[in-house]
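Residue numbers (this note's numbering): 442 to 1074. A virtual CB, placed ideally from N, CA and C, is assigned to each residue, including glycine. This one's a predicted model, so the numbers in the text were calculated from it and none came from an experiment. Notes for the one structure printed next.
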């Protein structure tokens, strides 16, 4: 009897268990012996591969690399809907994980962000027990030296080391390690200032027949500079370092006296990189930047002059037939007779109680900046006031003040700001507007370019102008200006089997020589360092209104009812991928200047690179193929 009851009970429990496991019943049942499901997709892939869209990434943070992980099963078929996790040892990933698509591919993006160091960035992907990894070379940060190239034991050597990222942007507040190959007492480290530069000096104690090599390292970048160290006592007795000399139009003709001892030489050569060197005190004989003069009892003299204002490193060199000796001194050629003053406000439209930075530029009749002159500022018609009311021009001829607007608005250009050079009748003025607040400008484009037969490309852009509420601003005048960024040196080569077959080989990336494209080497601009007489990459492109009107470095366009206006950037085909342009859009909206910019290397069409039997137009960089930004080749 007991066995029969137990048997029937067991059958009942078994049936109940089967219903709980396999039925579609209610949520309150407990499944005894059923597998647990925690909601995590089961990893079904058997292989995991990881590739990146580019093995390299610039340190300027402007670009991104696409990271692609592919999951396949044992039959090598793509496995969709699988989670892949990603990690990176530096930089930033756009997401910690992604799910594979129909092709078994999961993608994220990687960016170097604000980490400016040259380094390998390790990227890893994980799927279940599978893992894969790859490296991206983050590079482009550079160090460069400036300053003295020669020194004398016991006398100070002054040098500057500069640090910049791949885009040429300066890197501030960064430590740079220094060392001397000969063991001279250079600082162990220096820190860059806001301009990305660190100045240092040392007094050599060790010389030799071979130059000392000063090395610098920071953020994975390295550079070195050879400095010849001599035991010779070679110096400028006059002018002393920091002296000022009037330009030639103001009668400047400066005596230069040098002393040389401990060295067997009968003559030396004086070089004036800003002007000319002469044997007579009227600077009338000769017209060369260098002059060889005799040594008498260890001294020599000459006269220097310059037609334009600015700093100059006067150089003297001597030779004994085997070794060379040199010394330098820094002087400033200055203009002294003001003939004009021009004023500029930035911005030209300010909000009530807002401010504008005012620059007065004083020049002489030859266009040279005049330093050391007092300029008085005033707003004779009201609308605000400048402070300070007086300022003294610097070496660039600039006197600076700040205009602060009154609380009330003004008519357009109705605030007059005047500048007067004290002690002269030289004056000038500019107009300002006190009005409302500025809004936004956006520059956009697509992924296409158009051919202009037979030798040019053009790319279409749009400028969008909107107010603070996001509404479009129609009938708005927008000024489009084209400045220039970096330029590349190198060539294209054929990679058999690759698609496309033509691959760009960049030998060097150089900073812009005169980036604001005004034809003048301003402060912080490097100028024509390769000596080819051209400011690269200026002139590599023009901007043109979409209606086909005349183009140039600056054009004016007007927005439509949608607050949009289009324009072209046009460039020769052989400059494609080698020249970088900076598009700047400026508008005065609701009373203030609004500015937007966009930077890009002018692109090449895919068709140009598709046939390995036909060289593309930009096969050779127009800026040369050799590494080194001071080499024009």
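- Judged by beta-carbon spacing, residue 668 lies beyond the 9 Å limit of residue 595, meaning their Cβ atoms are not closer than that value.
- Rounded to whole angstroms, the separation of the alpha carbons of residue 1066 and residue 606 is 21 Å.
- Taking C-beta atoms as the reference points, residue 926 and residue 978 count as a pair closer than 9 Å.
- A straight-line Cα-Cα distance of about 10 Å links residue 696 and residue 686.
- Comparing C-alpha distances from residue 535 to each of 557, 1055 and 547 shows the shortest one belongs to 547.
- Of the candidates 562, 692 and 771, the residue whose Cα lies closest to the Cα of residue 588 is 771.
- A Cβ-Cβ distance of about 16 Å is found for the pair residue 656 and residue 642, leaving them out of contact under the 8 Å criterion.
- With distances taken between CA atoms, residue 844 lies nearest to 795 out of 509, 778, 892 and 795.
- In this structure, DSSP gives residue 1014 a helical state, which the three-state scheme calls helix.
- Annotation for residue 881: 907 and 1035 place their beta carbon closer than 7 Å to its own, counting only its chain and skipping 5 residues before and after.
- Comparing C-alpha distances from residue 853 to each of 834, 846 and 874 shows the shortest one belongs to 874.
- If one requires a minimum length of 3 residues, the beta strand (DSSP E) runs lying completely within the stretch 880-910 are 881-886, 891-893 and 897-907, in chain order.
- Of the candidates 491, 525, 532 and 511, the residue whose Cα lies closest to the Cα of residue 505 is 532.
- For the pair residue 950 and residue 930, the Cα-to-Cα distance works out to about 6 Å.
- With 16 or more neighbouring CB atoms inside 10 Å of its own CB, residue 653 falls in the buried class.
- Straight-line spacing of the CA atoms in residue 865 and residue 847 works out to 30 Å.
- Per DSSP, reduced to three states, the secondary structure at residue 1049 is helical.
- Each residue's CA atom was taken as its position, placing residue 619 and residue 629 some 5 Å apart.
- Boundaries of the beta strand (DSSP E) around residue 951: 943-951.
- CA-CA distance, residue 998 to residue 955, rounds to 26 Å.
- For residue 722, there is no enclosing beta strand (DSSP E), as DSSP gives it neither H nor E.
- Between the alpha carbons of residue 775 and residue 755 lies a gap of roughly 15 Å.
- Taken in chain order, the complete alpha helix (DSSP H) segments of 4 or more residues contained in the stretch 543-570 number zero; there are none.
- Assignment of residue 650 by DSSP, reduced to helix, strand and coil, places it in the coil class.
- Rounded to the nearest angstrom, the Cβ distance from residue 1003 to residue 913 is 5 Å, consistent with a contact under 8 Å.
- Burial check for residue 711: the Cβ neighbour count within 10 Å reaches 16 or more, so the residue is buried.
- At a Cβ-Cβ threshold of 9 Å, residue 780 and residue 806 count as neighbours.
- Its chain contains 698 and 700 as the residues whose beta carbon lies nearer than 6 Å to that of residue 678, once the 5 sequence neighbours on both sides are disregarded; these appear in chain order.
- DSSP places residue 812 outside both helix and strand once states are collapsed to three, so it counts as coil.
- Cβ contact annotation for residue 648 (same chain, cutoff 7 Å, sequence separation greater than five): 594, 670, 671 and 672, in chain order.
- Remark: three or more beta-carbon pairs, one from each stretch, lie closer than 8 Å, so the stretch 489-506 and the stretch 549-562 are flagged as touching.
- Burial is judged here by how many other beta carbons sit within 10 angstroms of a residue's own beta carbon; residue 502 has at least 16 and is buried.
- Annotation for residue 869: the continuous beta strand (DSSP E) segment containing it runs 868-875.
- If you compare the alpha carbons of 836, 786, 835 and 810 with that of residue 820, the shortest gap goes to 786.
- Straight-line measurement puts the Cα of residue 798 at about 53 Å from the Cα of residue 525.
- When DSSP reads this structure, residue 524 sits in a beta bridge with 540.
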